[in-house]
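Report on one structure; see the data block that follows.
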Amino acid sequence: MAINYLYPDYEVIRNQQRCINCRVCERQCANEVHRYDEELKMMVSDESKCVNCHRCVALCPTRALKIVKTDNTFKENANWTGEAITDVYRQAGTGGVLLASMGTPKNYPVYWDRMLINASQVTNPSIDPLREPMETTTFLGQKSAKIRRNPDGSINTKTTPQLKLSVPVMFSAMSYGSISYNAHKSLALAAQKLGIFYNTGEGGLHEDFYQYGPNTIVQVASGRFGVHPGYLKAGAAIEIKMGQGAKPGIGGHLPGAKIVGDVSKTRMIPQGTDAISPAPHHDIYSIEDLRQLVFMLKEATNYEKPVIVKIAAVHNVSAIASGVARSGADIIAIDGFRGGTGAAPARTRDNVGIPIELALACVDRRLREEGIRNNVSIVIGGSIRNSADIVKAIALGADAVYVATSALIALGCHLCRTCHLGKCNWGIATQRPDLVKRLNPEVGSERLVNLINAWNHEIKEMMGGMGINSIEALRGNRLMLRGIGLTEKELQILGILHAGE
Amino acid sequence: MKRVYVNEQWCLGCHLCEYFCAFANSGQSDMARALKDAVICPRIKVEEHDGISFAVNCRHCTEPLCVKSCIAGALSVKDGLIVIDQDKCVGCFSCIMSCPFGALMPSDTGVMQKCELCTSNSAGKPACVQGCPNRAIVFEER
Ligand code: SF4
Ligand code: SF4
Ligand code: SF4
Ligand code: SF4
Numbered sequence: 000m001a002i003n004y005l006y007p008d009y010e011v012i013r014n015q016q017r018c019i020n021c022r023v024c025e026r027q028c029a030n031e032v033h034r035y036d037e038e039l040k041m042m043v044s045d046e047s048k049c050v051n052c053h054r055c056v057a058l059c060p061t062r063a064l065k066i067v068k069t070d071n072t073f074k075e076n077a078n079w080t081g082e083a084i085t086d087v088y089r090q091a092g093t094g095g096v097l098l099a100s101m102g103t104p105k106n107y108p109v110y111w112d113r114m115l116i117n118a119s120q121v122t123n124p125s126i127d128p129l130r131e132p133m134e135t136t137t138f139l140g141q142k143s144a145k146i147r148r149n150p151d152g153s154i155n156t157k158t159t160p161q162l163k164l165s166v167p168v169m170f171s172a173m174s175y176g177s178i179s180y181n182a183h184k185s186l187a188l189a190a191q192k193l194g195i196f197y198n199t200g201e202g203g204l205h206e207d208f209y210q211y212g213p214n215t216i217v218q219v220a221s222g223r224f225g226v227h228p229g230y231l232k233a234g235a236a237i238e239i240k241m242g243q244g245a246k247p248g249i250g251g252h253l254p255g256a257k258i259v260g261d262v263s264k265t266r267m268i269p270q271g272t273d274a275i276s277p278a279p280h281h282d283i284y285s286i287e288d289l290r291q292l293v294f295m296l297k298e299a300t301n302y303e304k305p306v307i308v309k310i311a312a313v314h315n316v317s318a319i320a321s322g323v324a325r326s327g328a329d330i331i332a333i334d335g336f337r338g339g340t341g342a343a344p345a346r347t348r349d350n351v352g353i354p355i356e357l358a359l360a361c362v363d364r365r366l367r368e369e370g371i372r373n374n375v376s377i378v379i380g381g382s383i384r385n386s387a388d389i390v391k392a393i394a395l396g397a398d399a400v401y402v403a404t405s406a407l408i409a410l411g412c413h414l415c416r417t418c419h420l421g422k423c424n425w426g427i428a429t430q431r432p433d434l435v436k437r438l439n440p441e442v443g444s445e446r447l448v449n450l451i452n453a454w455n456h457e458i459k460e461m462m463g464g465m466g467i468n469s470i471e472a473l474r475g476n477r478l479m480l481r482g483i484g485l486t487e488k489e490l491q492i493l494g495i496l497h498a499g500e
Numbered sequence: 000m001k002r003v004y005v006n007e008q009w010c011l012g013c014h015l016c017e018y019f020c021a022f023a024n025s026g027q028s029d030m031a032r033a034l035k036d037a038v039i040c041p042r043i044k045v046e047e048h049d050g051i052s053f054a055v056n057c058r059h060c061t062e063p064l065c066v067k068s069c070i071a072g073a074l075s076v077k078d079g080l081i082v083i084d085q086d087k088c089v090g091c092f093s094c095i096m097s098c099p100f101g102a103l104m105p106s107d108t109g110v111m112q113k114c115e116l117c118t119s120n121s122a123g124k125p126a127c128v129q130g131c132p133n134r135a136i137v138f139e140e141r
C-alpha cells in the first residue's frame, strides 16, 4: 500500500490488568478495531480504524478501555494546524470533496452561552412551579391579531390549523435512510407519548409509521421522495424544506448503496439508485413560486394542516423570512449553521450560514417591524443543547425549537461525526440490520421522553424564577436576557442589554 | 412468578449476560479480579446462528422435567423457582439429558449448576438482565 501520510487520530488504551478477554469490544465495533490474538491470548487493536464512537468503551464490562487523542504532533504552527495539513493530505490522496457529518465542530461563538437569564427578587415574586400552575403548552400556526365576532356578538374562535405542543420542542427532520428504522420508531413513539411532533425528513414515511401520523410532520423537499396524497394527509403538518443549516445552498445525496429494501420503497425510487435532492426546488425561483407550492399542499390536504417552510440561516435571512411570512405558510422553521446533517461537504458545513441566535433575533424583529409577526410562528433549530438554550430562544422570539442532535445523543449517539460512513455503532445512522438492531425503540423512546420531560421541568423552574407562569409571557421577552462579553453590534442585533445595564 | 424472558429481536449476541452471570456467581466484588484469565462457566448461554442470537437460561418450568428426572432428589421446586442442592447432586447428568432448554450444566466442581435467578448470590435482581445493553432479556411477570 502506498503511503497515505495519515497518522491515526486516536489511541485505543486497554488496561490489560482489567481486560477479561470477553471480546465484547470486538463484537461491538463495526470498524473492526479490536481483535483477539489467540497466540498472545490477549486483545489487540488497530487504532487507525477507530472513529471514537465509544461503543466499546460504554460496553466494556470492566471499564478496561479508553480512547485518547493521539499526541503525535506536527511542528507547531498556528496557521498550518495539524488538521489543515491532514485535510490537504486527505484530498491529495483521494481527489475528492471532504465529507463530514453532524454539526460543525469549529470554534465559532455560541451566543446562547453569552446570554444570561433574569430572575425575580423582592418586587416581582418568583413562582414555585411545584405549587402553582405553569403553562408550557404552545400552539403553532397563524395567529389572528384582532378579536373577531360572530353576528350574534359571541367571539369567533375559529382559527387556521394549529399544532398543539405540550412542550415547545419538536424533533426535527431526519429522513428514513439517513437514520435507521429503529431511530425513527424511537422518535415517533416519544413524540406520541410527549404530545409533540417528529419530522419524517425528506425520505417519505415508512408504512409502519402511519399510525403515528397525528404526531408526525411530513416533509416535502427538492427531491420530492416518497411524496403522494396519502403521505401528505398522514401527517399533522407539512414542511417544505428549502434549506438546511448544515449545508445551505446545496442539496443532498444518499448513495445508492443505502437505497435498499424498505428505504427504496418508502422513497419511491428503484433499489440501488442514488437519491439526489437538487440544491433548489426546480419549481421555486421566487416567493410567488413558493406561495404556489404552499397552496398546492394546502389544497391537497383540504386546508386542514399547517404548512411549515424550513430555511437555512443565511446572510439575508430576515428578508427571506419576510417573504416566507407572506407566502401563506403558517410556520417558518429556521435552521442555524451549527445544525446537524447525515452527510455534507465539510467546507460547506464549516463555513456557510450564520448563527441561529442572530438569525432568530433579526427575523423576529423584522417581522414585528413589518407587522406580519402574527402571520407565522417561528421555530428555530441548529444546536439546541439544553433547556436554558430553549428559554433563551423563546425570550428572543421563537415560538418553539427543533432538536435533532440532542435527540440522537439521547439515543446513544456519541458525536463521532462519521454518519456518512453508514456504520454507526449505535444503530442510528446506519441501515445494516445487525447495527440497526442495537437500538431497541422501547429503550430509545423512554430516553427521549425522559430528556424532554427533564427539560420541561427545568423550563418551568427558570420561568418560575422570572415570575412568569406561561410560555406565552416569555415569548419575545428580551428584557429577561442580558448579554455577557458581547460587542455593541452583537447586542444591537440580539436586541438585548448588556449585563449590568 | 417473575421469570427471565428472551426477546431475540433485540439480542446482539454480545455475550455480556454470560459475563455478568459468571461474575455474580463468583462471590467476588471486582469483575476484573473475578474473571481475569478465567474460563467462564455461566448459567446463561447465548445461542447464535445465521445472524440470530438469543440468551437461554432456566425457564423455571411449571412442570420441570429436570426435577422429575433427578435420581438424587437434588432438584426441587421452591415457590416456583427450580433450585439445586449441590450437596445432593451426584453428577449423573440425568437432568442435562432431560432439560429441553439445555439450562443445566456441570460446574467447576463436577456437580451440576443452574440459574436460580440470582436468588442465591448477592446480585439482587438477575445480573444478566441488569447487564444486557439492549433489553433483550427482561425479568418480569407474564
Ligand atoms: S470489552 Fe473490555 S474486558 Fe472485554 S475484551 Fe474488550 S477490553 Fe477486554
Ligand atoms: S470505532 Fe468506536 S467501537 Fe470501535 S474502537 Fe473506536 S470507539 Fe471503540
Ligand atoms: S447481554 Fe443481552 S444483547 Fe447481549 S447477548 Fe445477552 S441477551 Fe443478548
Ligand atoms: S432446568 Fe430445564 S427443565 Fe428444569 S426448570 Fe429449568 S428449563 Fe425447566
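Note that the protein sequences, when read in sequence, are chains D and Z.
FYI, numbering that gives the first Met the number 0 numbers position 360 of the first sequence as 359, with every residue one higher than the one before it.
FYI, numbering that gives the first Met the number 0 numbers position 129 of the second sequence as 128, with every residue one higher than the one before it.
Ideal Cβ placement from N, Cα and C applies to all residues, glycine included.
Uninterrupted beta strand (DSSP E) stretches at least 3 residues long and entirely within the segment 348-419 of chain D occur at 376-380 and 399-402, given in chain order.
Per DSSP, D:Asp-433 is one residue of the alpha helix (DSSP H) stretching across 432-435.
Judged by DSSP secondary structure, D:Met-461 falls within the alpha helix (DSSP H) whose first and last residues are 440-464. DSSP lists D:Tyr-9 as the beta-bridge partner residues of D:Lys-68.
The contact set of D:Arg-26 on chain Z, defined by CB atoms closer than 9 Å, consists of Leu-11, Gly-12, Cys-13 and His-14 in chain order. Under the three-state reduction of DSSP, D:Tyr-211 is assigned to helix. A distance criterion of 7 Å places the beta-carbon of D:Arg-337 beyond contact range of ligand 4, judged by its closest non-hydrogen atom. For a cut-off of 8 Å, the C-beta gap from Z:Ala-31 to D:Ile-19 is around 6 Å, short enough to register as a contact. Non-local beta-carbon contacts of D:Ser-44 in its own chain, meaning distances under 6 Å to residues more than five positions away in sequence, involve Val-11, Val-32 and His-33 in chain order. Annotation: the continuous beta strand (DSSP E) that includes Z:His-48 extends over 44-48.
With a cutoff of 7 Å, Z:Ser-28 does not count as near ligand 3, since its C-beta is closer than that to no heavy atom of the ligand. In the DSSP assignment, D:Thr-137 falls within the beta strand (DSSP E) that extends over 137-139.
In this structure, DSSP gives Z:Phe-138 an extended state, which the three-state scheme calls strand.
Annotation: Z:Glu-140 to D:Glu-457 spans about 35 Å, alpha carbon to alpha carbon. For D:Asp-433, at least one C-beta of chain Z is nearer than 8 Å to its own C-beta. Among the residues of the segment 138-162 of chain D, none has a Cβ less than 8 Å away from any Cβ of chain Z. Relative to D:Tyr-211, the option among D:Leu-64, D:Ala-235 and D:Asp-151 whose CA is nearest is D:Ala-235.
For D:Cys-412, the closest of D:Arg-431, D:Arg-437, D:Val-390 and D:Asp-433 by C-alpha to C-alpha distance is D:Arg-437. Per the Cβ contact rule, the segment 326-337 of chain D is not in contact with the segment 269-278 of chain D (fewer than 3 Cβ pairs under 8 Å). Under the three-state reduction of DSSP output, D:Phe-170 falls in the strand class.
Nearest to Z:Asp-107 by alpha-carbon distance, out of Z:His-59, Z:Gly-72, Z:Ser-25 and Z:Pro-132, is Z:Ser-25.
Beta-bridge annotation (DSSP): D:Asp-36 is paired with D:Met-41.
Contacts with chain Z at 8 Å (Cβ-Cβ) include D:Gln-16.
Z:Ala-102 and Z:Asn-120 have their C-alpha atoms spaced approximately 18 Å apart. Annotation for Z:Pro-132 indicates a beta carbon within 7 Å of some heavy atom of ligand 3. What Z:Ala-31 touches in chain D, judged by beta-carbon distance under 8 Å, is Gln-16, Arg-17, Cys-18, Ile-19, Thr-61 and Ala-63, going in chain order. Residues of chain Z whose Cβ lies closer than 8 Å to the Cβ of D:Val-11 do not exist, since the nearest Cβ in that chain is about 18 Å away. When only Cα atoms are considered, D:Ala-399 and D:Phe-138 end up about 9 Å apart. For Z:Gly-50, the closest Cβ of chain D is nearer than 8 Å. Those residues of the segment 424-450 of chain D placed with their C-beta closer than 7 Å to a C-beta in chain Z are Asp-433, Lys-436, Arg-437, Asn-439, Glu-441 and Val-442, ordered along the chain.
Bridge partners of Z:Met-111 according to DSSP: Z:Pro-105. By the criterion of at least three beta-carbon pairs nearer than 8 Å, the segment 40-59 of chain Z is in contact with the segment 0-13 of chain Z.
A straight-line Cα-Cα distance of about 8 Å links D:His-53 and D:Ile-66. Residues lining ligand 1 by the Cβ criterion, that is a Cβ closer than 7 Å to any of its heavy atoms, are D:Arg-13, D:Arg-17, D:Cys-18, D:Ile-19, D:Asn-20, D:Cys-21, D:Arg-22, D:Val-23, D:Cys-24, D:Glu-25, D:His-33, D:Met-42, D:Cys-55, D:Leu-58, D:Cys-59, D:Pro-60, D:Thr-61, D:Ala-63 and D:Leu-64 in chain order.
Z:Val-5 carries a strand assignment under DSSP once its states are collapsed to helix, strand and coil.
Contact between the segment 274-283 of chain D and the segment 251-262 of chain D is present: 3 or more CB-CB pairs across the two stretches fall below 8 Å.
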